[in-house]
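Chemist: The sequence shown begins at 5 in the numbering used here and counts up by one.
For glycine and all other residues, C-beta sits at the position ideal for the given N, C-alpha and C.
Before I ask anything, here is the structure I am working with.
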Amino acid sequence: MSATATATATATVTDPLPVLVIGAGPVGLAAAAHLVERGLEPLVLEAGPVAGAAVREWSHVRLFSTWGEVTDPAAEKLLAPTGWVKPDAKTYPTGGDWAEKYLQPLADALGDKVRFGATVTGVSRAGRDRIVDADRETRPFVVHVAHADGREERLFARAVIDASGTWATPSPAGASGLPALGEKAAADRVTYRVPDLKDPAARARFAGRRTAVIGSGASAFTALASLADLAESEGGEGTKAVWILRRGISGSTFGGGTADQLPARGALGLAAKAAVDKGHADAVTGFRTEAIARDGDRLVLVAEDGRRLDPVDEVIVLTGFRPDLAFLDELRLALDERLQAPLALAPLIDPNQHSCGTVYPTASRSCPTRRRASTSSA
Ligand SMILES: Cc1cc2nc3c(=O)[nH]c(=O)nc-3n(C[C@H](O)[C@H](O)[C@H](O)COP(=O)(O)OP(=O)(O)OC[C@H]3O[C@@H](n4cnc5c(N)ncnc54)[C@H](O)[C@@H]3O)c2cc1C
5 MSATATATAT ATVTDPLPVL VIGAGPVGLA AAAHLVERGL EPLVLEAGPV AGAAVREWSH
65 VRLFSTWGEV TDPAAEKLLA PTGWVKPDAK TYPTGGDWAE KYLQPLADAL GDKVRFGATV
125 TGVSRAGRDR IVDADRETRP FVVHVAHADG REERLFARAV IDASGTWATP SPAGASGLPA
185 LGEKAAADRV TYRVPDLKDP AARARFAGRR TAVIGSGASA FTALASLADL AESEGGEGTK
245 AVWILRRGIS GSTFGGGTAD QLPARGALGL AAKAAVDKGH ADAVTGFRTE AIARDGDRLV
305 LVAEDGRRLD PVDEVIVLTG FRPDLAFLDE LRLALDERLQ APLALAPLID PNQHSCGTVY
365 PTASRSCPTR RRASTSSA
């Protein structure tokens, strides 16, 4: 999940202050439910107007996890008295279902502990910038908030949990982690989202056209399968995908298939394979994108080794996400240097090891008292 960072102030000085949670997504709201369960006061600040604002941006995508895997036990306890009925644990929600049938009711159950339209733009120790050593452990956290109505506010907190996710900062097409040359200039033809091809505007954008899909994870599989469906549907004739892989194709390229621990995730890989097998997608392997060049009205992808592909009309970049740490700049964070994730979390989500990690609660274990920072000396 996100680069969730936790920082804790000394309890004695800050006891009456809330634990401030940044983001009302699945992680932030579950964190708030756990705080309530432990008798601590959470205050969740959410930039968007509703719960699960990021998840709602991919409302049309069906999760590969079942309902049974994407609700939290502490959250369920909070929801039970509201008459909430847990959806069938064996079925698969879409992003929209997840937000509407679970995250929003959970935010409603938390009531005024969740504030919307409140973007956190900075976190520090009150009266101590990151350079000052003296006495910082006893200082509460100060959180700068920009409200949707233009107001600014400073809030104090005994601890801060960053559950702001990574959705707003997708990784670029460039294989080195930097945008490819020309990538920004081609913004009108490049998207970093799985398109909703049931939406008429998105359909019109991709139908009958040639689209490069860069990436090799579940989102890329979903995009390839959707483009293949479009190609086979009325009005979608001529739709073609060019699938750009940085690596070669091996036994694991399409995921675990029927042996995948998560059957729906395995099915996504098989759907992508079917798109290739049926000729709806041409796989280009070992292609590390260096540049996206204009060719009249079309785009040409150029690799680090100089290869140039035939022009495409659109580019879908699905190369993952990175945390935005800018608003945590004034804190002293101990993060894994590769993944920019908390140290205890990093091995569980390392893409060098897992296609999609399994994450156990970390902060509660490494932070047994309210005084210790699990991931930050802050
Ligand atoms: C297409 C797609 C399919 C997926 N399918 C699955 C799946 O099947 N199974 C699974 O386990 N995972 C899946 N995931 C991953 C899963 O959605 C994420 O791991 C999960 O949403 C992370 O939750 P989060 O609360 O950390 O972050 P988010 O869901 O990103 O929520 C973060 C929230 O913080 C808010 N925010 C951001 N910055 C600020 C700020 N500065 N101030 C205030 N608020 C802020 C955002 O508006 C947002 O509401 C999928 C992801 C995608 C994109």
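Name the residue from 35, 52 and 50 whose alpha carbon lies nearest to the alpha carbon of residue 44.
Modeler: Position 40 of the sequence shown holds residue 44. Comparing Cα-Cα distances from residue 44 to each of 35, 52 and 50, the minimum goes to 35.
Chemist: Please go through the region 155 to 211 and give each complete beta strand (DSSP E) segment of 3 or more residues, from N-terminal end onward.
Modeler: As far as the region 155 to 211 is concerned, its whole beta strand (DSSP E) runs of at least 3 residues are 156 to 161 and 163 to 166.
Chemist: Pairing CB atoms from the region 65 to 72 with CB atoms from the region 94 to 103, are three or more of them under 8 angstroms?
Modeler: As far as the Cβ criterion goes, the region 65 to 72 touches the region 94 to 103, which means the pair count is three or higher.
Chemist: Please classify residue 151: does DSSP put it in a helix, a strand, or coil?
Modeler: For this step, residue 151 is matched to residue 147 along the sequence shown. Looking at residue 151 - three-state DSSP - the assignment turns out to be strand.
Chemist: Compute the beta-carbon to beta-carbon distance between residue 334 and residue 133, rounded to the nearest angstrom, for a pair I have assumed lies under 8 angstroms.
Modeler: Numbered from 1 along the sequence shown, position 330 holds the residue referred to as residue 334. Numbered from 1 along the sequence shown, position 129 holds the residue referred to as residue 133. Confirmed, about 6 angstroms.
Chemist: Taking only heavy atoms of ligand 1 into account, decide whether any of them is closer than 8 angstroms to the Cβ of residue 95.
Modeler: As a first step, residue 95 must be located in the sequence shown, where it is residue number 91. Result no, Cβ not under 8 angstroms from ligand 1.
Chemist: Suppose contacts are defined by Cβ-Cβ distances below 9 angstroms. Is residue 184 in contact with residue 231 by that definition?
Modeler: Translated into positions along the sequence shown, residue 184 becomes position 180. Translated into positions along the sequence shown, residue 231 becomes position 227. For residue 184 and residue 231, no; Cβs fall outside 9 angstroms.
Chemist: If you draw a straight line from the alpha carbon of residue 189 to that of residue 72, how long is it in whole angstroms?
Modeler: Along the sequence shown, read from residue 1 onward, the residue named residue 189 stands at position 185. Along the sequence shown, read from residue 1 onward, the residue named residue 72 stands at position 68. Taking the straight line joining both Cα atoms gives about 43 angstroms.
Chemist: Could you tell me if the beta carbon of residue 142 falls within a distance shorter than 8 angstroms of some heavy atom in ligand 1?
Modeler: As a first step, residue 142 must be located in the sequence shown, where it is residue number 138. Outside the cutoff, so no.
Chemist: May I ask you to report which of helix, strand or coil DSSP gives residue 353?
Modeler: Start at 1 with the first residue of the sequence shown, and residue 353 comes out as number 349. Three-state result, residue 353: helix.
Chemist: Run through the DSSP bridge pairs and tell me what residue 128 is partnered with.
Modeler: Taking the sequence shown and counting its residues from 1, the one referred to as residue 128 is at position 124. Answer is 146, bridged to residue 128.
Chemist: Where do the ends of the beta strand (DSSP E) carrying residue 244 lie?
Modeler: Residue mapping note: residue 244 aligns to position 240 of the sequence shown, counting from 1. 244 to 248 is the span of the beta strand (DSSP E), which, as asked, contains residue 244.
Chemist: Can we count residue 178 as close to ligand 1, meaning its CB is less than 8 angstroms from some heavy atom?
Modeler: Locating residue 178 in the sequence shown gives position 174, counting from the first residue. Not so, every heavy atom of ligand 1 lies at least 8 angstroms from the Cβ.
Chemist: With a 10 Å radius around its C-beta and 16 neighbouring C-beta atoms as the bar for buried, classify residue 135 as buried or exposed.
Modeler: Walking along the sequence shown from the start, residue 135 turns up at place 131. Exposed, since its Cβ has fewer than 16 Cβ neighbours within 10 Å.
Chemist: On the three-state DSSP scale, how would you describe residue 292?
Modeler: One-based indexing of the sequence shown puts residue 292 at position 288. Residue state, collapsed to three classes: coil.
Chemist: Have a look at 182, 177, 88 and 181 and flag the residue whose alpha-carbon is nearest the alpha-carbon of residue 195.
Modeler: Along the sequence shown, read from residue 1 onward, the residue named residue 195 stands at position 191. Here the closest residue by C-alpha is 177.
Chemist: With DSSP collapsed to three states, give me the class of residue 280.
Modeler: Here residue 280 refers to the residue found at position 276 of the sequence shown. Helix at residue 280.
Chemist: Which residues does DSSP list as the beta-bridge partners of residue 123?
Modeler: Mapped onto the sequence shown, residue 123 falls at position 119. Residue 123 pairs with 150.
Chemist: Count the other CB atoms within 10 Å of the CB of residue 376; is the residue buried (16 or more) or exposed (fewer)?
Modeler: Indexing the sequence shown from 1 puts residue 376 at position 372. For residue 376, the predicted model reports a pLDDT of 22, less than 50, meaning its position is unreliable and no value from the coordinates is stated.
Chemist: Pair every Cβ in the region 53 to 60 with every Cβ in the region 111 to 130, then say whether three or more of these pairs are closer than 8 angstroms.
Modeler: Flag = yes, the region 53 to 60 and the region 111 to 130 touch.
Chemist: Beta strand (DSSP E) containing residue 3: first to last residue?
Modeler: Because the chain here runs from 5 to 382, residue 3 falls outside it and cannot be looked at.
Chemist: Quick one: does the C-beta of residue 190 sit closer than 8 angstroms to a heavy atom of ligand 1?
Modeler: Here residue 190 is taken as the residue at index 186 of the sequence shown, counted from 1. No, the beta carbon of residue 190 sits no closer than 8 angstroms to any heavy atom of ligand 1.
Chemist: When you compare the CB positions of residue 316 and residue 305, do they come within less than 9 angstroms of one another, or not?
Modeler: In the sequence shown, the residue the question calls residue 316 occupies position 312. In the sequence shown, the residue the question calls residue 305 occupies position 301. Going by C-beta atoms, residue 316 is nearer than 9 angstroms to residue 305.
Chemist: Would you call residue 251 buried or exposed, if buried means 16 or more other Cβ atoms sit within 10 Å of its Cβ?
Modeler: Counting from one through the sequence shown, the residue named residue 251 turns up at place 247. The residue is exposed, with fewer than 16 neighbouring Cβ atoms inside 10 Å.
Chemist: On a CA-only basis, which of 169, 221 and 113 is nearest residue 356? Give me that one, please.
Modeler: Position 352 of the sequence shown, counted from the start, is the residue given in the question as residue 356. With distances taken between Cα atoms, residue 356 lies closest to 221.
Chemist: Tell me, please, which residues DSSP counts as bridged to residue 136.
Modeler: Working through the sequence shown from its first residue, we reach residue 136 at position 132. None; residue 136 has no bridge partner.
Chemist: What does residue 312 pair with, by DSSP beta-bridge criteria?
Modeler: The residue given as residue 312 occupies position 308 in the sequence shown. In the DSSP output, where bridge partners are listed per residue, residue 312 has 306.
Chemist: Taking the alpha helix (DSSP H) that residue 226 falls in, what are its first and last residues?
Modeler: If you number the sequence shown from 1, residue 226 lands on position 222. It spans 222 to 236 - the alpha helix (DSSP H) in which residue 226 sits, taken as one unbroken run.
Chemist: Would a C-beta distance cut-off of 9 angstroms place residue 149 and residue 49 closer than the cut-off?
Modeler: The residue labelled residue 149 in the question sits at position 145 within the sequence shown. The residue labelled residue 49 in the question sits at position 45 within the sequence shown. It is a contact, given that the beta carbons lie within the stated cut-off.
Chemist: Going by the C-beta, is residue 51 closer than 8 angstroms to any heavy atom of ligand 1?
Modeler: Mapped onto the sequence shown, residue 51 falls at position 47. At least one heavy atom of ligand 1 is nearer than 8 angstroms to the Cβ of residue 51, so yes.
Chemist: Who are the Cβ neighbours of residue 138 in its own chain at under 8 angstroms, not counting the five residues just before and after it?
Modeler: For the purposes of this step, residue 138 is taken as residue 134 along the sequence shown, with counting starting at 1. Excluding sequence neighbours, residue 138 sits near 132.
Chemist: Could you tell me if the beta carbon of residue 62 falls within a distance shorter than 8 angstroms of some heavy atom in ligand 1?
Modeler: As a working note, residue 62 is residue 58 in the sequence shown. Yes.
Chemist: Under the three-state reduction of DSSP, which class applies to residue 4: helix, strand or coil?
Modeler: Outside the displayed span of the chain (5 to 382) sits residue 4, for which this structure offers no information.
Chemist: Quick check on residue 317: does DSSP put it in helix, strand or coil?
Modeler: Within the sequence shown, numbered from 1, the residue matching residue 317 stands at position 313. Here residue 317 sits in coil by DSSP.
Chemist: Suppose contacts are defined by Cβ-Cβ distances below 9 angstroms. Is residue 227 in contact with residue 208 by that definition?
Modeler: Start at 1 with the first residue of the sequence shown, and residue 227 comes out as number 223. Start at 1 with the first residue of the sequence shown, and residue 208 comes out as number 204. No, the Cβ-Cβ distance between residue 227 and residue 208 is not below 9 angstroms.
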